[in-house]
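Protein chains in written order, with UniProt numbering: chain A, 1 to 261; chain B, 1 to 233; chain C, 1 to 366. Every residue gets a Cβ at the ideal spot worked out from N, C-alpha and C, and that includes glycine. As the structure is a prediction and not an experimental result, all values here were calculated from the model.
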Ligand SMILES: Nc1ncnc2c1ncn2[C@@H]1O[C@H](COP(=O)(O)OP(=O)(O)OP(=O)(O)O)[C@@H](O)[C@H]1O
Ligand SMILES: [Mg+2]
């Protein structure tokens with residue numbers, strides 16, 4: 001029964017590097033197909049969640065109306081995801097003549113959206129709220145309309161927090177979409193639950209490796225996008241200026257220098 | 001209550017109370033192991049995170065590597081971490097320690113940053129004043145910096161505990177006996193017709209557990225920081 | 001011109017921040033609102049660009065009722081500078097300055113080149129343009145704030161404690177530059193401060209408000225210092241107001257006596273009628289006083305190290321305050337008078353300045 005650590009890792013590597021596991025066969029769905037299915041659920045849920053939470057968070061933050069919505073969304077986090085997933089499946093799937101894929105897909109996407117909304121909503125709201133009141137005051141004081149203040153000032157300044165909300169939402173989506181394979185639904189979790197059921201541990205652990213890799217890659221991609229989207233004035237990465245300015249220490253030079261000018 | 005009890009086999013969602021009473025000892029066992037799994041890893045995680053956070057704060061060069069490593073660990077989905085822990089640590093594939101270890105790793109990953117941020121929230125003047133008063137570094141850490149960092153650390157603990165309750169339920173789906181089992185049972189009993197009581201019971205108990213543990217952390221925080229109440233009132 | 005016509009502001013909680021204010025801020029002049037904390041300065045200022053709406057009354061901008069204009073259009077015609085500048089952290093300095101021109105749809109290139117000129121005007125070197133606000137000190141940010149408010153060349157500027165968040169030395173520099181800038185630009189400016197010294201220094205006209213939003217007095221700085229209208233204003237204007245008022249009284253052409261001098265670098269003179277001898281440089285600009293009582297080695301020359309430099313100078317035609325201060329701060333007791341070019345004219349004593357002060361028109365006391 002007990003398998004030593006060393007050969008398990010070898011078996012997992014063998015499982016992962018076997019080309020026949022990557023493509024579909026007559027009996028099994030391959031890694032690529034499951035990966036695409038996994039990414040599809042997550043992307044769909046993330047887009048829906050963004051479409052709900054981003055405008056809502058911006059609106060609540062900008063107008064300071066409807067704070068209770070943020071608190072309510074936060075309270076959702078105490079719900080056990082698996083439980084809600086099973087509950088919704090049991091309610092919804094019978095409506096689709098037994099357990100078809102759609103019958104599982106809809107509750108899964110609902111749960112994923114429920115999961116992704118709170119972090120995006122809370123962070124967007126907090127981002128807009130945290131904008132320095134002086135900055136907001138200056139913006140409207142110089143004649144920006146409400147939407148100009150929101151889109152030209154509050155949104156760009158909130159981006160770091162919004163991104164961290166989106167990143168944490170994306171990670172939770174990938175994790176929970178894995179658990180969704182606990183229902184008979186595609187995705188990388190299939191390998192984990194099938195491997196467990198068939199006592200095929202290399203497959204189970206290989207599935208774990210794939211899920212972890214997808215999560216890390218996704219976070220890396222989002223972090224890279226964030227790097228390019230968020231202004232350097234906010235992130236504090238002024239590296240490029242160093243070449244333009246004769247001496248980078250000038251950045252912290254006291255008043256005296258200008259006074260002389 | 002008596003009316004409900006008369007209708008023993010009902011599958012209505014509201015009959016979870018009765019389901020609980022019918023399977024009381026079994027369900028209490030699940031609740032107990034769920035509680036244990038939610039709490040112990042956070043405590044162990046905090047004990048590991050404290051020195052790590054202290055190092056990250058004290059030696060600035062260690063901050064980026066410590067934060068990236070814990071960041072990567074925190075990124076890995078729970079279910080993947082569960083199945084990856086045994087081969088990495090050389091344990092049996094379904095070792096009873098796999099889930100507690102994975103949960104501890106999570107708690108450490110989350111709490112190291114929290115501890116470092118909490119220590120960073122201690123005003124520089126305070127640290128310098130303590131040093132000037134003659135505190136040695138370790139003494140200063142336990143008597144000055146740590147107490148002041150408690151509110152930030154408590155906020156992190158609340159997140160860790162609440163999310164742990166949900167993650168432990170995930171472990172139920174790979175066969176561990178905890179409240180997650182109620183969902184598996186409910187799912188299996190729902191063919192061909194929906195049978196809600198165990199599912200609803202599981203959700204209710206999980207939420208209750210999360211709320212109770214969260215309140216305990218809040219309470220602990222208040223007990224440990226009496227000076228903040230003095231300011232608040 | 002901005003005219004407050006019986007303007008009142010009552011906040012929803014019942015606080016009356018401004019009570020029936022009547023005030024005219026003349027075109028091309030600096031009108032300073034000053035008063036203790038909470039007296040309604042900010043509220044009055046922000047009602048002009050309708051960041052706050054008056055409860056009753058009218059504010060006229062030239063001959064237009066501000067209430068009849070679209071708020072964002074009104075605000076684009078009014079420059080607005082606040083404490084801590086409120087710069088946009090995500091935009092470079094040059095783009096911060098060009099914000100309003102961008103809003104007005106000005107061509108980007110032109111807006112940026114105007115912005116660069118403005119940065120130069122407020123005393124920021126060109127290499128600051130591509131930086132972000134976080135890379136600037138507080139005083140530098142405040143200059144950018146002023147440049148940003150000037151970018152669309154608005155005829156009117158509102159400034160709410162713009163210089164209060166920087167240290168006293170920088171504040172003084174910013175004030176001097178601001179006055180120089182205003183001399184060129186001639187904007188209609190309403191300036192809020194709680195610092196009476198700043199008010200007196202910058203204002204063409206100073207309005208003192210008291211808590212509850214009542215206007216206590218509007219006057220020129222000199223009048224305010226010499227004729228405070230009641231005990232509140234007198235108390236607010238402060239203890240040294242008599243002395244400070246001298247800052248607004250020109251001394252006329254001072255009749256000086258000639259002063260024996262020695263050139264710096266020359267051999268140290270021995271024996272003198274007086275304990276103090278004035279040292280001047282090649283251009284006859286005063287350098288400091290030499291203490292003739294101190295023993296010096298034979299053959300020494302007049303060097304910087306031997307000079308007492310404590311004294312201030314008064315320019316011929318300067319204020320009585322400057323003249324008196326030159327006397328009081330001089331180690332010899334004689335105030336040094338110089339011409340516009342900084343060359344020595346002669347000296348004057350405190351007694352002589354006091355005679356000039358006595359000779360002024362007598363003023364009623366409070
Ligand atoms: N939004 C508001 N709601 C209620 N009261 C307000 C509000 N804003 C200001 N006040 C009150 O109105 C009065 C005037 O406030 P204002 O900000 O104009 O004072 P100020 O003269 O600018 O003071 P400071 O020098 O402290 O800036 C104060 O008593 C203040 O508490
Ligand atoms: Mg104010």
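Inset, instruction - Would you kindly check if the distance between the Cβ of residue 110 of chain C and the Cβ of residue 98 of chain C is under 7 Å? - result: Contact: no.
Legend entry - Contact set between the region 74-87 of chain C and chain A, restricted to residues whose Cβ is under 9 Å from the partner: Taking 9 Å as the Cβ-Cβ cut-off against chain A, the residues of the region 74-87 of chain C that qualify are 74, 75, 76, 77, 78, 79, 80, 81, 82, 83, 84, 85, 86, 87.
Inset, instruction - Could you name the residues of chain B that residue 91 of chain A contacts, counting a contact when the two beta carbons are closer than 7 Å? - result: Under the 7 Å cutoff, chain B gives 194.
Legend entry - Cβ neighbours of residue 214 of chain B in the same chain (closer than 8 Å, five flanking residues each side left out): For residue 214 of chain B, where only same-chain residues beyond five positions count, the Cβ hits under 8 Å are 158, 161, 162.
Legend entry - Continuous beta strand (DSSP E) stretch holding residue 191 of chain C: start and end: From DSSP, the beta strand (DSSP E) with residue 191 of chain C extends over 188-193.
Legend entry - By C-beta, the residues closer than 7 Å to any heavy atom of ligand 2, given in chain order: Those residues are C:41, C:42, C:160, C:161, C:192, given in chain order.
Inset, instruction - Using a Cβ-Cβ cut-off of less than 8 Å, list which residues of the region 136-150 of chain B approach chain A; keep chain order. - result: Taking 8 Å as the upper bound on Cβ-Cβ separation, chain A lies near no residue of the region 136-150 of chain B.
Legend entry - Status (buried if at least 16 other CB within 10 Å, exposed otherwise) for residue 137 of chain B: Exposed.
Inset, instruction - Measuring only between beta-carbons, confirm whether residue 183 of chain B sits less than 7 Å from chain A. - result: Under the Cβ distance rule, residue 183 of chain B counts among the residues neighbouring chain A, one pair being separated by less than 7 Å.
Inset, instruction - Return helix, strand or coil for residue 346 of chain C, following the three-state DSSP convention. - result: Residue 346 of chain C: strand per DSSP, three-state reduction.
Inset, instruction - Round the Cβ separation of residue 234 of chain B and residue 216 of chain A to the nearest angstrom and send it over; I've been treating them as touching at under 8 Å. - result: With chain B covering 1 to 233 only, the question about residue 234 of chain B has no answer from this structure.
Legend entry - Rounded separation between residue 252 of chain A and residue 283 of chain C - CA only: Caution applies to residue 252 of chain A, whose pLDDT of 25 falls short of 50 and renders its modelled position unreliable; the value that the coordinates give is listed next. A direct Cα-Cα distance of roughly 39 Å separates residue 252 of chain A from residue 283 of chain C.
Inset, instruction - Along the alpha helix (DSSP H) that carries residue 177 of chain C, what are the first and last residues, could you check? - result: From DSSP, the alpha helix (DSSP H) with residue 177 of chain C extends over 168-185.
Inset, instruction - Return no unless some Cβ of chain A is closer than 7 Å to the Cβ of residue 100 of chain C. - result: Taking CB atoms only, residue 100 of chain C has a neighbour in chain A less than 7 Å away.
Legend entry - Exposure label - residue 264 of chain C; buried when at least 16 CB within 10 Å: Buried, by the Cβ-count rule.
Inset, instruction - Would you list, in chain order, the members of the region 147-165 of chain A that have their beta-carbon closer than 9 Å to a beta-carbon of chain C? - result: Hits within the stretch, in order: 148, 152, 153, 156, 157, 159.
Inset, instruction - Find the residues of chain B that neighbour residue 204 of chain A, judging by a C-beta separation of less than 7 Å, and give them in chain order. - result: In chain order: 83.
Legend entry - Residues that residue 116 of chain C contacts on chain A, provided the C-beta gap is smaller than 9 Å: Within 9 Å Cβ-Cβ: nothing; residue 116 of chain C doesn't reach chain A, min ~14 Å.
Legend entry - Minimum Cβ-Cβ distance from residue 142 of chain A to chain C less than 7 Å: Chain C contact via Cβ: present.
Inset, instruction - Assign residue 117 of chain C to one of two classes, buried (16 or more other C-beta atoms within 10 Å of its C-beta) or exposed (fewer than that). - result: With fewer than 16 other Cβ atoms within 10 Å, it is exposed.
Legend entry - Three-state class that DSSP yields for residue 5 of chain B in the structure shown: In this predicted model, residue 5 of chain B has a pLDDT of only 37, less than 50, meaning its place in the structure is not dependable enough to derive any value.
Legend entry - CB of residue 338 of chain C within 7 Å of CB of residue 326 of chain C, strictly: No, the Cβ-Cβ distance between residue 338 of chain C and residue 326 of chain C is not below 7 Å.
Legend entry - Test item: CB-CB of residue 20 of chain C and residue 37 of chain C under 7 Å: Contact: no.
Inset, instruction - Would you grab the beta carbon distance between residue 77 of chain B and residue 175 of chain A for me? Rounded to a whole angstrom, and I think it's under 8 Å. - result: Contact between residue 77 of chain B and residue 175 of chain A is confirmed by a C-beta separation of about 3 Å, below the 8 Å threshold.
Legend entry - Distance between beta carbons of residue 81 of chain C and residue 199 of chain C, contact taken as under 8 Å: That pair is no contact at about 16 Å.
Inset, instruction - Return helix, strand or coil for residue 124 of chain B, following the three-state DSSP convention. - result: Three-state result, residue 124 of chain B: helix.
Legend entry - Stretch-stretch touch, CB-based, cutoff 8 Å, three pairs: the region 186-197 of chain B with the region 11-23 of chain B: Taking 8 Å as the limit for Cβ pairs, the verdict is that the region 11-23 of chain B does touch the region 186-197 of chain B.
Inset, instruction - Run down chain B in chain order and give the residues with a C-beta less than 9 Å from the C-beta of residue 9 of chain A. - result: By Cβ distance, chain B contributes 87, 88.
Legend entry - residue 188 of chain C beta carbon less than 7 Å from that of residue 155 of chain C: Going by C-beta atoms, residue 155 of chain C is nearer than 7 Å to residue 188 of chain C.
Inset, instruction - Would you list, in chain order, the members of the region 214-243 of chain A that have their beta-carbon closer than 7 Å to a beta-carbon of chain C? - result: Legend: CB atoms of the region 214-243 of chain A lying less than 7 Å from CB atoms of chain C belong to residues 231, 232, 233, 234, 236, 238, 241.
Inset, instruction - Starting from the beta carbon of residue 137 of chain A, find every residue of chain C whose beta carbon is closer than 8 Å, and list them in chain order. - result: By Cβ distance, chain C contributes 51, 82, 86.
Inset, instruction - Provide the residue span of the alpha helix (DSSP H) that contains residue 60 of chain A, from first to last. - result: It spans 31-63 - the alpha helix (DSSP H) in which residue 60 of chain A sits, taken as one unbroken run.
Legend entry - Contact with chain B by residue 178 of chain A, beta-carbon distance below 7 Å: Chain B contact via Cβ: present.
Inset, instruction - Would you mind working out which of A:181, A:166, A:226, A:40 sits nearest residue 121 of chain A, comparing C-alpha positions? - result: Closest by C-alpha distance to residue 121 of chain A, out of A:181, A:166, A:226, A:40, is A:166.
Legend entry - Contacting residues, own chain, Cβ-Cβ under 8 Å from residue 152 of chain A (five flanking each side not counted): Here the set comprises 139, 144.
Legend entry - Nearest-angstrom Cα separation, counted from residue 244 of chain C out to residue 3 of chain C: Using only the alpha carbons, I get a separation of about 29 Å.
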